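Below is one structure; the comments refer to it alone.
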Amino acid sequence: MGNYVTAFFVGGLICALAQLLFDLTTLTPAHVLTLFVVLGGILSGLGLYEPLVRFAGAGATVPITSFGHQLVQGALRELETHGWVGVLAGIFDLTSAGITAAIIFGFLVALLFNPKD
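Here the sequence shown stands for residues 2 to 118, where the numbers follow our numbering.
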């Protein structure tokens, strides 16, 4: 039960931070999304995001900050095994399933529903 509470609390804090950015600044959703992906990547590169994942589980892996974390982790892993050539391939190694799902489901939703304009 404690794992669920921790995940809910950490995930909720990440979402609350995003909501505060929406409410208190003029940032658009695209800006906040990009900020969180970059922030997740920076924290991962500094070695600070993995301890958060171990502590919070899904509370840290479900929010968009995890996407930046996965990009950096894939690049670092391929850098170790294939050198600088592997960095570009490594970026998409861990995230390809999520990117593919977003494209496919976005396409299907666009087919099923009419846009407002």
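From the three backbone atoms N, C-alpha and C, an ideal C-beta is built for every residue, glycine too. Predicted model, so just to flag it, every value in this text is computed and none were measured.
Proximity to residue i [Cα-Cα], best of the options
| i | options | result |
| --- | --- | --- |
| Thr15 | Thr96, Leu25, Phe37 | A small fix is needed here, since residue 15 is Ile in this sequence, not Thr. Of the candidates Thr96, Leu25, Phe37, the one whose C-alpha sits nearest the C-alpha of Ile15 is Phe37. |
| Ala1 | Gly84, Gly99, Leu112, Gly60 | No answer is possible for residue 1: the residues shown for the chain start at 2 and end at 118. |
| Val6 | Ala17, Thr27, Gly58, Gly46 | Gly58 |
| Ile43 | Ala111, Phe68, Ala17 | Phe68 |
| Ala98 | Arg55, Leu72, Gly48 | Leu72 |
Straight-line Cα distance separating residue j from residue i
| i | j | result |
| --- | --- | --- |
| Leu109 | His32 | 25 Å |
| Lys117 | Thr29 | 19 Å |
| Gly12 | Thr96 | 20 Å |
| Ala114 | Thr101 | Strictly speaking, residue 114 in this sequence is Phe, with Ala absent from that position. Distance between the alpha carbons of Phe114 and Thr101: 20 Å. |
| His70 | Leu112 | 32 Å |
| Asn4 | Ile104 | 32 Å |
| Phe10 | Gly41 | 18 Å |
| Ile65 | Trp85 | 26 Å |
| Leu21 | Leu53 | 21 Å |
| Leu25 | Ser45 | 27 Å |
For residue i, the first and last residue of its enclosing alpha helix (DSSP H)
| i | result |
| --- | --- |
| Val38 | 30-46 |
| Leu49 | Where Leu49 is concerned, there is no enclosing alpha helix (DSSP H), given that its DSSP letter is neither H nor E. |
Exercise for the section: Spell out a yes or no on whether the stretch 68-80 and the stretch 92-101 are touching, meaning 3 or more CB-CB pairs, one atom from each, closer than 8 Å. Expected result: Flag = yes, the stretch 68-80 and the stretch 92-101 touch.
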